[in-house]
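*Asks:* Chains as they are written, first to last, in the numbering used here: chain D, 1 to 130; chain Z, 1001 to 1170; chain Y, 2001 to 2510.
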Amino acid sequence: MTVLVGYVPNSYGEAALSAAVAEAARRQERLLVVNMSRDDVLADAHRAGDGQLDRVRRDLGELGVESEVRRVEEGSDASDALLAVANEVDASVLVIGLRHRTPVGKLLLGSNAQRILLEASCPVLAVKPV
Amino acid sequence: MSHSPTGTREVKDRAQYALCAGLALLGGLLLFDAGRIGHTTTTNDVVGPRAVPIVLGIALIVVAAVYARDVARGGHGEAEEGEDVDLRHPADWKTLGLLAFFFLLNALLIDPLGWVISGTILFWGSAFALGNRHHLRGLAIAIALSLATFYAFAIGLGVNLPAGILKGIL
Amino acid sequence: MDNLNHLLQGFGDVLTPMNLLIALTGVIVGTAVGVLPGIGPAMTVALLLPITYGLEPTTALILFAGIFYGGMYGGSTTSILLNTPGESASVVTAIEGNKMAKAGRAAQALATAAIGSFIAGTIGTILIVLVMPQIVKFAVTLGAPEYFAIILVAFVGVSAVLGASRVRGLASLLIGLSIGVVGIDFVTGQQRMTFGVPQLADGIDVVVVAVGLFAVGEGLWVAAHLRRKAGEVIPVGQPWMGREDWKRSWKPWLRGTAFGFPFGAIPAGGAEIPTFLSYMTEKKLSKRPEEFGRGAIEGVAGPEAANNASAAGTLVPMLALGLPTNATAAIMLAALQGYGIEPGPLLLTNEPKLVWALIASLFIGNTLLLVLNLPLAPAWAKLLQIPRPYLYAGILFFAAMGAYAVNGSPFDLYLLLGLGALGFVVRRFGLPVLPLIVGVILEPLAEKKGRQSLQLSGGDISGLLGGPVAWVAYAIVVAVLFWPLLAKLRGGLGGDDDHHDAGTKAEVAA
Chain D
1 MTVLVGYVPN SYGEAALSAA VAEAARRQER LLVVNMSRDD VLADAHRAGD GQLDRVRRDL
61 GELGVESEVR RVEEGSDASD ALLAVANEVD ASVLVIGLRH RTPVGKLLLG SNAQRILLEA
121 SCPVLAVKPV
Chain Z
1001 MSHSPTGTRE VKDRAQYALC AGLALLGGLL LFDAGRIGHT TTTNDVVGPR AVPIVLGIAL
1061 IVVAAVYARD VARGGHGEAE EGEDVDLRHP ADWKTLGLLA FFFLLNALLI DPLGWVISGT
1121 ILFWGSAFAL GNRHHLRGLA IAIALSLATF YAFAIGLGVN LPAGILKGIL
Chain Y
2001 MDNLNHLLQG FGDVLTPMNL LIALTGVIVG TAVGVLPGIG PAMTVALLLP ITYGLEPTTA
2061 LILFAGIFYG GMYGGSTTSI LLNTPGESAS VVTAIEGNKM AKAGRAAQAL ATAAIGSFIA
2121 GTIGTILIVL VMPQIVKFAV TLGAPEYFAI ILVAFVGVSA VLGASRVRGL ASLLIGLSIG
2181 VVGIDFVTGQ QRMTFGVPQL ADGIDVVVVA VGLFAVGEGL WVAAHLRRKA GEVIPVGQPW
2241 MGREDWKRSW KPWLRGTAFG FPFGAIPAGG AEIPTFLSYM TEKKLSKRPE EFGRGAIEGV
2301 AGPEAANNAS AAGTLVPMLA LGLPTNATAA IMLAALQGYG IEPGPLLLTN EPKLVWALIA
2361 SLFIGNTLLL VLNLPLAPAW AKLLQIPRPY LYAGILFFAA MGAYAVNGSP FDLYLLLGLG
2421 ALGFVVRRFG LPVLPLIVGV ILEPLAEKKG RQSLQLSGGD ISGLLGGPVA WVAYAIVVAV
2481 LFWPLLAKLR GGLGGDDDHH DAGTKAEVAA
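(1) Could you have a look at Q1965(Y) and say whether DSSP puts it in helix, strand or coil?
(2) How should E88(D) be labelled, buried or exposed, when 16 other C-beta atoms within 10 angstroms of its C-beta is the threshold for buried?
(3) Using a C-beta to C-beta distance shorter than 9 angstroms, which residues of chain Y count as neighbours of L31(D)?
(4) May I have the straight-line CA-CA distance separating P1049(Z) from L2442(Y), to the nearest angstrom?
(5) Would you list the one or two residues that DSSP bridges to G2408(Y)?
(6) Kindly indicate if chain Y contains any beta-carbon less than 8 angstroms away from that of V1066(Z).
(7) Can you give me the start and stop residues for the alpha helix (DSSP H) that R2451(Y) sits inside?
(8) Looking at the structure shown, is A2506(Y) part of a helix, part of a strand, or coil, going by DSSP?
(9) Return yes when the Cβ of V5(D) is within less than 8 angstroms of the Cβ of A25(D), no when it is not.
(10) Could you give the DSSP three-state label for I2266(Y): helix, strand or coil?
(11) Indicate, with yes or no, if the ligand ZN has a heavy atom lying under 7 angstroms from the CB of T2281(Y).
(12) Report the residue from K2247(Y), P2252(Y), N2308(Y) whose alpha carbon sits nearest the alpha carbon of V2272(Y).
(13) Measure the CB-CB distance between A2106(Y) and L2081(Y) and report whether it falls below 8 angstroms.
(14) Do L1130(Z) and S1118(Z) have their beta-carbon atoms positioned less than 8 angstroms apart in this structure?
(15) Give me the chain Y residues within the contact set of V95(D), using Cβ-Cβ distance strictly less than 9 angstroms, ordered along the chain.
(16) Tell me where the alpha helix (DSSP H) around I2028(Y) begins and ends.
(17) Between which two residues does the beta strand (DSSP E) carrying L31(D) extend?
(18) If the criterion is Cβ atoms closer than 8 angstroms, does the pair V2029(Y) and Y2069(Y) meet it?
(19) Which whole-angstrom value is the C-beta distance of Q2108(Y) and I2297(Y), which I expect to be below 8 angstroms?
(20) Does G1028(Z) come within less than 8 angstroms of chain B when only Cβ atoms are used?
(21) Which class does A1068(Z) belong to by DSSP, given the choice of helix, strand or coil?
(22) Less than 8 angstroms between the CB atoms is what I'm expecting for V1063(Z) and L2174(Y), so what's the real figure, rounded?
(23) Per DSSP, Q2191(Y) is paired with what?
(24) Just checking: is the beta-carbon of I2341(Y) within a distance shorter than 8 angstroms of some beta-carbon in chain Z?
(25) Note down, in chain order, each residue of its chain lying with its Cβ closer than 7 angstroms to the Cβ of L107(D), except the 5 sequence neighbours on either side.
(26) What does the Cβ neighbour count give for M2018(Y), buried or exposed, with the cut at 16 atoms within 10 Å?
(27) What does a CB cutoff of less than 6 angstroms around G2495(Y) pick up in its chain, not counting 5 residues either side in sequence?
(28) Who does T2(D) pair with in a DSSP beta bridge?
(29) Does G1048(Z) get closer than 8 angstroms to chain Y when you measure Cβ to Cβ?
(30) Would you tell me roughly how many angstroms separate the C-alpha atoms of V2236(Y) and A2094(Y), rounded to the nearest one?
(31) Based on Cα-Cα distance, which residue from P2410(Y), T2059(Y), G2066(Y) lies nearest to T2025(Y)?
(32) Out of T2077(Y), H2006(Y), W2246(Y), point me to the one whose CA is closest to I2119(Y)'s CA.
(33) Helix, strand or coil, according to DSSP, for S67(D) in the structure here?
(34) Is it the case that the Cβ atoms of C122(D) and V93(D) are separated by a distance below 8 angstroms?
(35) What separation, rounded to the nearest whole angstrom, lies between the Cα atoms of S2090(Y) and G2075(Y)?
(36) What does the alpha-carbon distance come out to for the pair V2197(Y) and L1031(Z)?
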């Protein structure tokens, strides 16, 4: 069983990562960190660079957490990608960072978090940065 | 040189022959058209209107032949790379067909329906062809863009864009 | 200095609040479009040119100057923030610029590019002011045979020098010349290659060709081979430079300008060569050569200045001789003709106000670019996060809009699609694009001068020989055409298509 966390290189992603580490320790399960990079834009703000992913690996290594860090580069929808991975590894919990979207914002820009919450087949832990 | 397996190389080479044929055809067209023009020279203009088309026509046929010989020897041009281009897969004809379709649709509809409508269709259709799945969002952006460009350019700067059936409303 | 008075008056004409607003619009729109992938400055100008058609000439020129410089800056922004640039003259900027950005120095890279462009643009425009009268004096001595010979140099230069294979370059040139033939023969009124289609009687507009070949062609090509990976977003703060950066940049700026301007002015010069030269020079001269390849600021400062200076340089033969030497110049020529300016040696005497207004608008556009785009750089960076479907749909949208606006006729849209298909074919088979567009642009002029030469000599082909200038030009043509043959005879080299160098990319000249 695996704790799956959707990671993005900002405060929401970092918050999710910390919560996921704690959760993995509590459940005594491995941790899978996934960063999704869209393939339909030239530059994706949510794409974690190689340097950033290496840093995450190092930090997790220092903490002694049994973990894997992956980047998904196909697909244009982060929530789809994350849900697909969750099914693939049979995640026991999905950890995501939560940012506030107004109703209008959700209408125009969509909400990955909402889709994940509604469609995940496993429990979802939604975390806000402190 | 190309790193693709010989199968792909051969397909590429043969396609180049089509280009050579096209060049020769163009040359033939020029010669044919030149033949149609009467030979009109005056003291003012010694060569007449036929000279350049004839020269070009012959040159094209010659170049087509030399090109074909180069292809036969294994020559090929490098297809253009770019930041958005992934040449490992063959061309996506479906997308191209859809784009051409919407482009032609715009050409047909722009006068009767006006730029705002036909431009919206063009933008939405192109985005759809290129993989956009947020159809409502695409439509909203298309309408906004068409209206904005119409007001800014047609009305603001006097650019020649038709109002079509929305004349009087806009 | 009479010129100075004229220039000041030009500034007077141009510096009104309304006109400044127009300049601002031009810079903003130009930069935004220039940032888009696959859209170089030439294309930005071509795409946006039709929006200037409805304006007064002076206003139109101001808008145009803003678009022109904006487009160049937009392209640099893309090449620094993404690893691959929008057009081949920015290849070099991308080498060091992107490395700088990845190392967290995006702000400095953008700043040195912007300031270098500004300096090069300003110096370049000053050089235009100084050099033009001399060139005009030379130009009036040119007879039809000399013109014809110089154009032949341009033809041979673009098709045989750049690009991987002469056959392909020649094929491209011939296609371009054939497109140029379409229309009414100016002497006899005969319709050529129109096949009874009335809309073709006026020939095919250069702007439609440029937009079709470059914008639509690029759009279709990308659509067929859409890449599947994004680049990461590099955080861009406000562009700025520290003292050290200034110290290291100012000489490359000047050297880059010195490289760029002459190359812009010669036929088939363009911007690729001087940017490469500038890069090589800066690398040689640098006190820190090991930094090159890892983010050396000199490698951005020099080439960017060269790029802009080259663009300014292209204006000299364009204004003085009416001779466009690359795609950007060709589109500018079409623009000027649209405003009723007929470039050539008599331009300065006939339309001084307009010319000085153009030059003044270049200065102003250049300045506004710096003032505006340094703070706005982060916003431009955001444009790169727009999903590709919208970006390319946008390109097709603006292309269609512009092409229709040229004549108000849907026929031009069909033509645009056809030319887009041609652009696709050209990219598919690796034919260089530059000879094609140069062929289209220069065919009417070449034919006119050629026939005039023969007319002057009464049909005797020696009429083409003219004076010493023509002889030199012909000698260059022969040398370029037959060089590989001589080399082959001497050294037994392989065929003429073994150099697949970087210059093979579709030659979108800056």
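Quick reminder that beta carbons are idealized off the backbone N, C-alpha and C, glycines included.
*Replies:* Answer, in terms of the structure:
(1) With chain Y represented from 2001 up to 2510, any question about residue 1965(Y) goes unanswered, as that position is not in the structure.
(2) The residue labelled residue 88(D) in the question sits at position 88 within the first sequence. E88(D) is exposed by the Cβ-count criterion.
(3) Translated into the one-based positions of the first sequence, residue 31(D) becomes position 31. Under the 9 angstroms cutoff, chain Y gives no residues; its nearest Cβ is about 23 angstroms from L31(D).
(4) As a position in the second sequence, residue 1049(Z) is number 49, starting the count at 1. As a position in the third sequence, residue 2442(Y) is number 442, starting the count at 1. A straight line joining the alpha-carbon of P1049(Z) with that of L2442(Y) spans about 17 angstroms.
(5) Here residue 2408(Y) refers to the residue found at position 408 when the third sequence is read from its first residue. DSSP, once it has assigned bridges, lists no residue as partnering G2408(Y).
(6) Here the question's residue 1066(Z) lines up with position 66 in the second sequence. So, interface residue.
(7) In the third sequence, residue 2451(Y) corresponds to position 451, counting from 1. From DSSP, the alpha helix (DSSP H) with R2451(Y) extends over 2433–2456.
(8) Locating residue 2506(Y) in the third sequence gives position 506, where the first residue counts as 1. Residue confidence for A2506(Y) is low, a pLDDT of 39 falling below 50, so the modelled location carries little weight; the figure read from the coordinates is stated next. In the three-state scheme derived from DSSP, where H, G and I count as helix and E and B as strand, A2506(Y) is classed as coil.
(9) In the first sequence, residue 25(D) corresponds to position 25, counting from 1. In the first sequence, residue 5(D) corresponds to position 5, counting from 1. No, these two residues do not count as a Cβ contact at 8 angstroms.
(10) Taking the first residue of the third sequence as position 1, residue 2266(Y) is located at position 266. In this structure, DSSP gives I2266(Y) a state outside helix and strand, which the three-state scheme calls coil.
(11) In the structure on display, the ligand ZN does not appear, and there are no ligands present to speak of.
(12) Locating residue 2272(Y) in the third sequence gives position 272, where the first residue counts as 1. As written in the sequence, residue 2272(Y) is Glu, which differs from the Val given in the question. The shortest C-alpha separation from E2272(Y) is found at N2308(Y).
(13) Start at 1 with the first residue of the third sequence, and residue 2106(Y) comes out as number 106. Start at 1 with the first residue of the third sequence, and residue 2081(Y) comes out as number 81. Cβ atoms of A2106(Y) and L2081(Y): closer than 8 angstroms.
(14) Along the second sequence, one-based indexing puts residue 1118(Z) at 118. Along the second sequence, one-based indexing puts residue 1130(Z) at 130. Not closer than 8 angstroms, so no.
(15) Reading the first sequence from its first residue, position 95 is the one you call residue 95(D). Chain Y residues near V95(D): none, gap ~22 angstroms exceeds 9 angstroms.
(16) For the purposes of this step, residue 2028(Y) is identified with residue 28 of the third sequence, where counting begins at 1. 2017–2035 is the span of the alpha helix (DSSP H), which, as asked, contains I2028(Y).
(17) Taking the first residue of the first sequence as 1, we reach residue 31(D) at position 31. That run of the beta strand (DSSP E) goes 30–36.
(18) Here residue 2029(Y) refers to the residue found at position 29 of the third sequence. Here residue 2069(Y) refers to the residue found at position 69 of the third sequence. No, Cβ-Cβ distance for V2029(Y) and Y2069(Y) is not below 8 angstroms.
(19) For this step, residue 2108(Y) is matched to residue 108 along the third sequence. For this step, residue 2297(Y) is matched to residue 297 along the third sequence. Their Cβ separation, rounded to whole angstroms, is 6 angstroms, which keeps Q2108(Y) and I2297(Y) in contact under 8 angstroms.
(20) The structure shown contains no chain B; its protein chains are D, Z and Y.
(21) Walking along the second sequence from the start, residue 1068(Z) turns up at place 68. The three-state reading of DSSP puts A1068(Z) in helix, counting H, G and I together.
(22) Working through the second sequence from its first residue, we reach residue 1063(Z) at position 63. Working through the third sequence from its first residue, we reach residue 2174(Y) at position 174. About 6 angstroms separates the two Cβ atoms, so the contact holds.
(23) Translated into the one-based positions of the third sequence, residue 2191(Y) becomes position 191. Answer is I2184(Y), bridged to Q2191(Y).
(24) The residue you call residue 2341(Y) lines up with position 341 of the third sequence. Interface annotation, I2341(Y): not in contact with chain Z, CB-CB separation never under 8 angstroms.
(25) Here residue 107(D) is taken as the residue at index 107 of the first sequence, counted from 1. Once the five neighbours on either side are set aside, L107(D) has no close Cβ partner at all.
(26) For the purposes of this step, residue 2018(Y) is taken as residue 18 along the third sequence, with counting starting at 1. Note on M2018(Y): under 16 other CB atoms within 10 angstroms of its CB, so exposed under the neighbour-count rule.
(27) Here residue 2495(Y) corresponds to residue number 495 of the third sequence, with the count starting at 1. Residue confidence for G2495(Y) is low, a pLDDT of 44 falling below 50, so the modelled location carries little weight; the figure read from the coordinates is stated next. Within the same chain, no residue comes within 6 angstroms of G2495(Y) by CB-CB distance, once the 5 residues on both sides are set aside.
(28) In the first sequence, counting from the first residue as 1, residue 2(D) sits at position 2. According to DSSP, residue pairing for T2(D) in a beta bridge involves R30(D), A91(D).
(29) Translated into the one-based positions of the second sequence, residue 1048(Z) becomes position 48. With respect to chain Y, the C-beta atom of G1048(Z) has a partner C-beta closer than 8 angstroms.
(30) As a first step, residue 2236(Y) must be located in the third sequence, where it is residue number 236. As a first step, residue 2094(Y) must be located in the third sequence, where it is residue number 94. In a straight line, the C-alpha of V2236(Y) is about 16 angstroms away from that of A2094(Y).
(31) Stepping through the third sequence from its first residue, residue 2025(Y) is reached at position 25. Of the listed residues, the one whose Cα sits closest to T2025(Y) is G2066(Y).
(32) What you label residue 2119(Y) is simply residue 119 of the third sequence in a count that begins at 1. Looking from the CA of I2119(Y), the closest CA among T2077(Y), H2006(Y), W2246(Y) belongs to W2246(Y).
(33) Taking the first residue of the first sequence as 1, we reach residue 67(D) at position 67. Three-state result, S67(D): strand.
(34) Here residue 122(D) refers to the residue found at position 122 of the first sequence. Here residue 93(D) refers to the residue found at position 93 of the first sequence. Closer than 8 angstroms, so yes.
(35) The count along the third sequence starts at 1 and reaches residue 2090(Y) at position 90. The count along the third sequence starts at 1 and reaches residue 2075(Y) at position 75. Spanning the two alpha carbons is a distance of roughly 7 angstroms.
(36) Locating residue 2197(Y) in the third sequence gives position 197, counting from the first residue. Locating residue 1031(Z) in the second sequence gives position 31, counting from the first residue. Spanning the two alpha carbons is a distance of roughly 18 angstroms.
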